[in-house]
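Peer 1: Supplied in structure tokens, the structure appears directly below.
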Amino acid sequence: MLYVVSGPSGCGKSTLIRRLVNEMKPGVRFSVSHTTRAKRSMELQGKDYYFVSEEEFQSLVREGAFLEWALVHGRLYGTTRQEVESKLEGGDLLLDIDVQGARQVRARYPRAVFVFVAPSHPKELKRRLELRGSNSPESIRERLAAARKEVESFEEFDYIVINDFLERAVQELRSIIVSGKCRRENRLEEMSSILSSYRLEADS
Ligand code: ADP
Ligand code: 5GP
Numbered sequence: 002m003l004y005v006v007s008g009p010s011g012c013g014k015s016t017l018i019r020r021l022v023n024e025m026k027p028g029v030r031f032s033v034s035h036t037t038r039a040k041r042s043m044e045l046q047g048k049d050y051y052f053v054s055e056e057e058f059q060s061l062v063r064e065g066a067f068l069e070w071a072l073v074h075g076r077l078y079g080t081t082r083q084e085v086e087s088k089l090e091g092g093d094l095l096l097d098i099d100v101q102g103a104r105q106v107r108a109r110y111p112r113a114v115f116v117f118v119a120p121s122h123p124k125e126l127k128r129r130l131e132l133r134g135s136n137s138p139e140s141i142r143e144r145l146a147a148a149r150k151e152v153e154s155f156e157e158f159d160y161i162v163i164n165d166f167l168e169r170a171v172q173e174l175r176s177i178i179v180s181g182k183c184r185r186e187n188r189l190e191e192m193s194s195i196l197s198s199y200r201l202e203a204d205s
């Protein structure tokens, strides 16, 4: 099952996803995106992102390697088809992508689950962006301006997680993933085996 997690920069998407991928591994995985933005000090190449040059990114675009890509806060970000197809096999996959990317994924995977994350107040969003310490004041202003437009798109999503209290937000996202696992279409294999055991029992 594919879960698309979107929301304004600084709202806590990576924090929530990191927590749940750690807790629910190996069945739940994170889709590592390609980006042309600079690596932050705590980030790892190939784990948080594939950090690439603009030329490398454009060449992947030309090859048709991306399932979706977008220009976000002046940098290029994209999810390759290969990343999604390989990691989705036999498991759940979480994508941390912006609203434009979410729209492109919806066109290709209409059955994916779309989750929007937001803290309830922009002042808190600003505080988190400042606290993270990885963005210049100019880039923080840009991200806050974009946040308003992003929040306006909430109606395009299936679920909303309000990340004011981290533990509650983790629990909300966990519940969304667990309920996805329980959907009938994801239980067909198990049900087929359960059904045969009921039939065998009835015949004996
Ligand atoms: P995003 O991936 O959406 O850009 P991050 O996960 O990097 O956001 O979170 C931005 C900052 O906010 C980080 O410093 C993170 O530790 C902090 N943060 C995330 N969720 C909460 C929360 N519920 N309460 C307080 N701080 C939070
Ligand atoms: P950051 O630079 O803070 O890690 O991410 C900035 C924004 O880019 C976030 O909204 C994040 O969700 C988005 N993003 C990260 N990876 C991708 C991607 O592969 N595709 C798209 N469209 N957006 C992405």
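For the sequence shown, counting from 1, position 50 maps to 51 in the numbering used here; every step adds exactly one.
Glycine included, C-beta positions come from ideal geometry on N, C-alpha and C.
None of these values were measured; they are calculated from a predicted model.
Label LYS14 either buried or exposed according to how many other C-beta atoms from any shown protein chain fall within 10 Å of its C-beta, with 16 as the threshold for buried.
Peer 2: Numbered from its first residue, the sequence shown carries residue 14 at position 13. So LYS14 counts as buried.
Peer 1: For GLY28, name the three-state secondary structure that DSSP assigns.
Peer 2: Residue numbering aside, residue 28 sits at position 27 when the sequence shown is read from its first letter. In this structure, GLY28 counts as coil in the three-state DSSP scheme.
Peer 1: Which residues does DSSP pair with SER7 in a beta bridge?
Peer 2: As a working note, residue 7 is residue 6 in the sequence shown. DSSP, once it has assigned bridges, lists PHE117 as partnering SER7.
Peer 1: When the Cα of GLU64 is compared with those of GLN83, SER32, GLY28, GLU44, which residue comes out closest?
Peer 2: As a working mapping, residue 64 is identified with position 63 in the sequence shown. Comparing Cα positions, the closest option is GLN83.
Peer 1: Does the ligand ADP have even one heavy atom less than 6 angstroms from the beta-carbon of ASN23?
Peer 2: Taking the sequence shown and counting its residues from 1, one reaches residue 23 at position 22. Flag unset: Cβ of ASN23 not near the ligand ADP.
Peer 1: Using beta-carbon positions only, say whether ILE177 and VAL85 come within less than 7 angstroms of one another.
Peer 2: One-based indexing of the sequence shown puts residue 177 at position 176. One-based indexing of the sequence shown puts residue 85 at position 84. Cβ atoms of ILE177 and VAL85: not closer than 7 angstroms.
Peer 1: Would you list the one or two residues that DSSP bridges to VAL73?
Peer 2: By 1-based counting over the sequence shown, the position of residue 73 is 72. BP columns for VAL73 point to ARG76.
Peer 1: Just to confirm my understanding: we take PHE158, look at its own chain, exclude 5 residues before and 5 after, and list those with CB closer than 8 angstroms. What are they?
Peer 2: By one-based count along the sequence shown, residue 158 stands at place 157. Counting only Cβ-Cβ distances below 8 angstroms, and skipping sequence neighbours, we find SER7, ALA103, PHE115, VAL116, PHE117.
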